[in-house]
Amino acid sequence: MDNSSLKELFAALRNSRPLIHHITNYVTVNDCANITLCIGASPVMADAIEEMEEMTSIAGALVLNIGTLNSRTVESMLLAGRVAREKDIPIILDPVGAGATSYRTKTSQTLIEELCPSVIKGNAGEISVLAGAGGVVKGVDSCDAADDLISVCKSLARETGAVVVATGKNDIATDGITSYSVSNGHELMDKVSGTGCMLSSVTGSFSAVASDLLTASVAAAAAFGIAGERAAADKSYGPYSFRTKLFDKVSSLTPEDLAAEAKVERI
Amino acid sequence: MDNSSLKELFAALRNSRPLIHHITNYVTVNDCANITLCIGASPVMADAIEEMEEMTSIAGALVLNIGTLNSRTVESMLLAGRVAREKDIPIILDPVGAGATSYRTKTSQTLIEELCPSVIKGNAGEISVLAGAGGVVKGVDSCDAADDLISVCKSLARETGAVVVATGKNDIATDGITSYSVSNGHELMDKVSGTGCMLSSVTGSFSAVASDLLTASVAAAAAFGIAGERAAADKSYGPYSFRTKLFDKVSSLTPEDLAAEAKVERI
Amino acid sequence: MDNSSLKELFAALRNSRPLIHHITNYVTVNDCANITLCIGASPVMADAIEEMEEMTSIAGALVLNIGTLNSRTVESMLLAGRVAREKDIPIILDPVGAGATSYRTKTSQTLIEELCPSVIKGNAGEISVLAGAGGVVKGVDSCDAADDLISVCKSLARETGAVVVATGKNDIATDGITSYSVSNGHELMDKVSGTGCMLSSVTGSFSAVASDLLTASVAAAAAFGIAGERAAADKSYGPYSFRTKLFDKVSSLTPEDLAAEAKVERI
């Protein structure tokens, strides 16, 4: 990928400050709000059915995260998603824990079928489960992926029409035809709750200003990963100090930094 | 304003450690709990209809924040508010996102009409919308205010009987007759999610020990702003390090500091 | 207590990384997720009735915390608890605010009667109220305990069959026959929201790998207290910097540290 396209996209994001509507879990919601601010967008978290139509209508992207799903919020996700589809607002689906319970698997499948999300971003296990390629998910942060993860991602992308992102040591992003590997990041990101959810927020932020959602997904993974590398470089104590710095580094990251440090490889 | 009255109020707050009952959003609820502890009060977050009457009855103030409102919690707000009114417990209303969706606007209006809140604290856009003076609210942290904000605040205060606080570069507080401008604060406070919500918690804390809620509102805005200035003065990295220090500085602020550094001007 | 048993238990926890299913409040849920990661376990927060059976079934322990209870989540707690009982998965009950409202007191009693929790961990006031020994609870972090707290804890333990932990300056843990006092900790832990909830998560983490839940409860209180001491030792600013370091220190604590620094006394 030409890293200058990442730079332009990030500059556009910082310039336009899009509103990102989240229907997300109550565990990491504060992290998602703050990381959205830090990357340069404006977060709004709202899940009441009464206001879904209006709130989604004014958003630049919709992030659906099923981390603490329940019947009330799933209903709101479906309504918000339909509004987003009608208005060509990109939908980012984070199927947290798909495979851990059948309720999560089935809800993810329903959201995919009903809403045709623009981006599906999960860990390797969640993506494998949704692609019907096996994979084991225990809880929300532990999984075994299918063996040939790239093929699995491509298969899910072709089946759903979405850009598929599978996070891991290297993040994989594909639209079913073109695929990239992003190797930015740091292992401390796995020691902190919510980094996966935060990446969904960052992906939503880039998606709101992009015409090409594969580029947006790659830019998001690279930008968040670079911030993680920088946060780790001056860590003093441990994962929570790292977390504080992760936010700071997302905030101070420039489009030039992104272009210079993105480790993106076509695969 | 005589700054010694701010000092006395803050000393009274630290001495009596009032219980502040919050019905608030799940995005910034942890920040609100911690900032309430840091300013010297005791937070309780509870929203089940079954315990509203008892919980509000033992509180020194009630903070209602509609950041992630839904039909269940709005019902609890109405019941808690009625109990507070009966028992002369001050009610602080934070109409987050009023103007962004009609559900938020109407709910704010209903809460104002039914509960006669003691203090209405919003950003300039939210206050303008509620005053019927125009204003545009996009999401929860972006807005355009009415042109003559002071008049708008006075008008809303006279119409509702509440002290009205409009936050911004300078915070405005008025009871409809007497008005103050508070110019403490730092621009980094806008880069962190939840500072508006936190100010509502701090306002609730001061209100619980005050006979004059205009003074309480001014003291809260000045105290929180001073803490922001101090946090920014030794910031090392960015908004999240700032956030950590903002809590620390609220915690270490003394009544003497408040009297010495409050930038309050009658307007 | 032989501190080498604490060390072995902590090493087992770090080696096996058990999944800890939480049904908990939305105020401190992020802290609970992160502290669970930091101590070496894997958190999952899920409260939808549709997935309770499956989610609890794959967990090593179940943490029930009524901090922001409502009728929907109490129903989920009851179902999850029944599944845990059937499968011999330890249940940790944190009866937050029992005594502050009758809804909290009655819900705690119902959970105890229906689920026979393995560990009941509360502050001295909550434990006193549940033991029927008086005690006054105001909100969720302020209380007066019964006079003879050790006897009260023993009595509740014998009545319920649970290990009972009463937190305070010294933490008391008892199974009704054998009792320990743990004097690790630091007063700054009381200045931060959620340290009680975090201890429940840590207790759940140790319980998942223990055959003896009294030892697990003592190990948890000692480990968390030691981390608090270490966090306070290099505090720079105040309670929120302390909070950041508390997570870091939990993360860096080793089984050897636990054995060397645990202040546990049989009482």
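If you read the protein sequences in the order shown, they are chains A, B and C. Take the first sequence: its letter number 209 is residue 1132 in the numbering used here, and every next letter is one higher. Take the second sequence: its letter number 70 is residue 993 in the numbering used here, and every next letter is one higher. Take the third sequence: its letter number 84 is residue 1007 in the numbering used here, and every next letter is one higher. Glycine included, C-beta positions come from ideal geometry on N, C-alpha and C. Given the structure is predicted, the values throughout are model-derived calculations rather than measurements.
When secondary structure is reduced to three states using DSSP, residue 1024 (chain C) falls in the strand class. When DSSP states are grouped into helix, strand and coil, residue 926 (chain B) belongs to the helix group. In the DSSP assignment, residue 946 (chain B) is bridged to B:987.
C-alpha of residue 1162 (chain C) to C-alpha of residue 1112 (chain C): approximately 8 angstroms in a straight line. Taking C-beta atoms as the reference points, residue 1050 (chain A) and residue 1085 (chain A) fail to come closer than 8 angstroms. Neighbours of residue 953 (chain C) in chain A, taken as residues whose beta carbon is under 9 angstroms from its own, are 949, 950, 951, 952, 953, 954, 1116, 1117 in chain order. In the DSSP assignment, no residue is bridged to residue 981 (chain B).
Below the 7 angstroms Cβ cutoff, chain B contributes 968, 969, 970 as neighbours of residue 991 (chain C), in chain order. Only buried fits residue 930 (chain A), as 16 or more other CB atoms lie within 10 angstroms of its CB. Per DSSP, the unbroken beta strand (DSSP E) holding residue 1097 (chain A) starts and ends at 1094-1097. For the pair residue 1123 (chain C) and residue 988 (chain C), the CB atoms are nearer than the 8 angstroms cut-off. The beta-carbon distance between residue 999 (chain C) and residue 968 (chain C), rounded to whole angstroms, is 11 angstroms. This is too long to meet the 8 angstroms contact definition. For residue 934 (chain B), the closest C-alpha among the options B:1157, B:1148, B:1131 is that of B:1131.
Unbroken beta strand (DSSP E) stretches of 3 residues or longer found wholly inside the region 1142-1189 of chain B: 1187-1189, given in chain order. Per the coordinates, the alpha-carbon of residue 1007 (chain B) lies some 47 angstroms from the alpha-carbon of residue 1151 (chain A). Selection A:1167, A:1054, A:1125 evaluated against residue 1077 (chain A) yields A:1054 as nearest (Cα-Cα). Cβ neighbours of residue 1073 (chain B) within its own chain (closer than 7 angstroms, five residues either side excluded): 1095, 1102, 1190. Close partners of residue 933 (chain B) in chain C (Cβ separation under 7 angstroms) are lacking, with about 17 angstroms as the shortest Cβ gap.
For residue 967 (chain C), the enclosing beta strand (DSSP E) has its first and last residue at 965-968. Within the same chain, and ignoring the five residues on either side of residue 1182 (chain B) in sequence, the residues whose Cβ sits closer than 7 angstroms to its Cβ are 926, 927, 929, 930. For residue 1089 (chain A), the secondary structure class from DSSP, reduced to helix, strand or coil, is strand.
Interface annotation, residue 1027 (chain B): in contact with chain A, CB-CB separation under 8 angstroms. Against residue 1167 (chain B), the close residues of chain C are 1163, 1164, 1167, in the order they occur along the chain (beta-carbon pairs closer than 7 angstroms). A Cβ of chain A is located within less than 8 angstroms of the beta carbon of residue 1024 (chain B). Proximity of the region 1137-1155 of chain B to the region 938-946 of chain B falls short of the contact definition, fewer than three beta-carbon pairs being nearer than 8 angstroms. The residues 1121, 1124, 1125, 1170, 1173, in chain order, have a CB closer than 7 angstroms to that of residue 958 (chain C) in the same chain once the five nearest residues on each side in sequence are set aside. At a cut-off of 8 angstroms, the C-beta of residue 994 (chain B) has a neighbouring C-beta in chain A.
Nearest in C-alpha terms to residue 1031 (chain B), of all of B:1011, B:1106, B:1083, is B:1083. Counting C-beta atoms within 10 angstroms of its own C-beta, residue 994 (chain A) has fewer than 16 neighbours from the protein chains shown and is therefore classed as exposed.
The Cβ neighbour count for residue 1138 (chain A), taken over all protein chains shown within 10 Å, is at least 16; the residue is labelled buried. Neighbours of residue 1112 (chain C) in chain A, taken as residues at a C-beta separation under 9 angstroms, are lacking, since the least C-beta distance is about 15 angstroms. The three-state reading of DSSP puts residue 1119 (chain C) in helix, counting H, G and I together.
Within chain B, the residues 1160, 1161, 1162, 1163, 1164 have their CB atoms less than 7 angstroms from the CB of residue 1171 (chain A), given in chain order. The beta carbon of residue 978 (chain C) falls within 8 angstroms of a beta carbon belonging to chain A, placing the residue at that interface. In chain order, 946, 996, 999 place their CB closer than 6 angstroms to the CB of residue 970 (chain C), counting only its own chain and leaving out the 5 sequence neighbours on each side.
The C-beta of residue 974 (chain A) comes closer than 8 angstroms to at least one C-beta of chain B.
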